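Peer 1:
Residue numbers (this note's numbering): 666 to 915.
1. I'd like to check one pair, residue 905 with residue 918: are the Cβ atoms closer than 8 Å?
2. Determine, using beta carbons only, whether residue 784 and residue 769 come nearer to each other than 8 Å.
3. State the CB to CB distance for the pair residue 702 and residue 674, rounded to an integer number of angstroms; the pair is presumed to be in contact (CB under 8 Å).
4. Identify the continuous beta strand (DSSP E) that holds residue 789 and give its terminal residues.
5. Can you check which of these residues, 836, 841, 892, is closest to residue 875 by C-alpha distance?
6. Hey, would you say residue 647 sits closer than 8 Å to residue 766, going by beta carbons?
7. Taking only three categories from DSSP, how would you classify residue 666?
8. Taking the continuous beta strand (DSSP E) assigned at residue 752, which residues delimit it?
9. Report, in whole angstroms, the separation of the C-beta atoms of residue 750 and residue 820, which I expect to be a contact under 8 Å.
10. Using the rule of at least 16 other Cβ atoms within 10 Å of the residue's Cβ for burial, across every protein chain shown, is residue 741 buried or exposed?
11. Which value, in whole angstroms, describes the spacing of the CA atoms of residue 693 and residue 672?
12. Can you tell me which of 718, 723, 711 puts its alpha carbon nearest to the alpha carbon of residue 729?
13. Spell out a yes or no on whether the segment 851-860 and the segment 891-899 are touching, meaning 3 or more CB-CB pairs, one atom from each, closer than 8 Å.
14. Looking at the unbroken alpha helix (DSSP H) that takes in residue 796, where does it start and where does it end?
15. For residue 845, collect the residues of the same chain with a Cβ closer than 8 Å to its Cβ; drop the 5 residues on either side in sequence, then sort them by chain order.
16. Please state the DSSP three-state secondary structure of residue 838.
17. Decide if residue 888 is buried, meaning its Cβ has at least 16 other Cβ atoms within 10 Å, or exposed.
18. Under 6 Å Cβ to Cβ from residue 773, same chain only, skipping five residues before and after it: list those, please.
19. Are there 16 or more other CB atoms within 10 angstroms of the CB of residue 802, so buried, or fewer, so exposed?
20. Let me know if residue 863 comes out buried or exposed under the rule of 16 or more other beta-carbons within 10 Å of its beta-carbon.
21. Please report the straight-line C-alpha distance between residue 756 and residue 684, rounded to a whole angstrom.
22. Please tell me whether residue 676 and residue 708 are closer than 8 Å, where the distance is taken between their beta carbons.
23. Between residue 696 and residue 717, is the Cβ-Cβ spacing less than 8 Å?
24. So if DSSP puts residue 819 in a beta bridge, which residue, or which two residues, is it bridged to?
25. Evaluate residue 680 with the Cβ neighbour count: other Cβ atoms within 10 Å of its Cβ, from every protein chain shown; 16 or more gives buried, anything less gives exposed.
26. Measuring alpha carbon to alpha carbon, tell me which residue in 861, 830, 723 is nearest residue 883.
The structure is reproduced here in structure tokens:
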């Protein structure tokens, strides 16, 4: 199955190589197409990506002026190949665990009507970029949180949802996921571990005031959509937000 993975990059020279290697090692599980959108990086991010393209022809690199992560994601969607059947995402500082695609793609093979899998994520503060696994002394929690990389979308569902809302500075992923579930796709919630979310000082989500404001705006827009269109589905019992709210890294 042709799986396109969209990866926005902005000044992630330190991490992007490990992120790409975590995808490349899963080539046996999927016909991979890795779309890297360099969003105006001023460090060596693009060179780090190019250094891997010789060994992995499935990586495609596109560069643009810095326009923010939302537009970078949309640039990736605009570069999907006609033969792409499935779409996923991975941020350039995160890791896709070994076996992630083998587990969830099998669900699509067994059920052609399936439109979305939404798996679990592990938040971790220390990753070994050689083994691509959490270190023994890392702090971590595993949840079904709100993250694009936890999802694999069928191409037909992506076409129904449309593009990311470029009005969002953050929480564009929350808005996209809410719109995905609202349309009532055929989905499953596997216990697959879909990503290691790397907690570090440069995370966009550390901007807590912006994050909270944009998250609440995404929730409000979802409420408005469902009020205006009763055919849209409520989103209940999917995201483990209470578990996340009660847990903090030191």
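Beta carbons are placed, not taken as given, at the ideal position from N, Cα and C, and that holds for glycine. Values in this document were obtained by computation on a predicted structure and should not be read as measured data.
Peer 2: The structure says:
1. There is simply no residue 918 to check, as the chain begins at 666 and stops at 915 in what is shown.
2. In contact: residue 784 and residue 769 (Cβ atoms closer than 8 Å).
3. Yes, they are in contact, since the Cβ atoms of residue 702 and residue 674 sit about 7 Å apart, within 8 Å.
4. 785-789
5. For residue 875, the closest of 836, 841, 892 by C-alpha to C-alpha distance is 836.
6. Because the chain here runs from 666 to 915, residue 647 falls outside it and cannot be looked at.
7. coil
8. Residues 751-754.
9. 5 Å
10. buried
11. 20 Å
12. 711
13. Short answer: they don't touch.
14. Taken as a continuous stretch (DSSP letters only), residue 796 belongs to no alpha helix (DSSP H), as it is neither H nor E.
15. 781, 816, 818, 822, 826
16. When secondary structure is reduced to three states using DSSP, residue 838 falls in the helix class.
17. exposed
18. The residues are 779.
19. exposed
20. buried
21. 8 Å
22. yes
23. no
24. Looking at the DSSP output, residue 819 bridges to 751.
25. buried
26. 830
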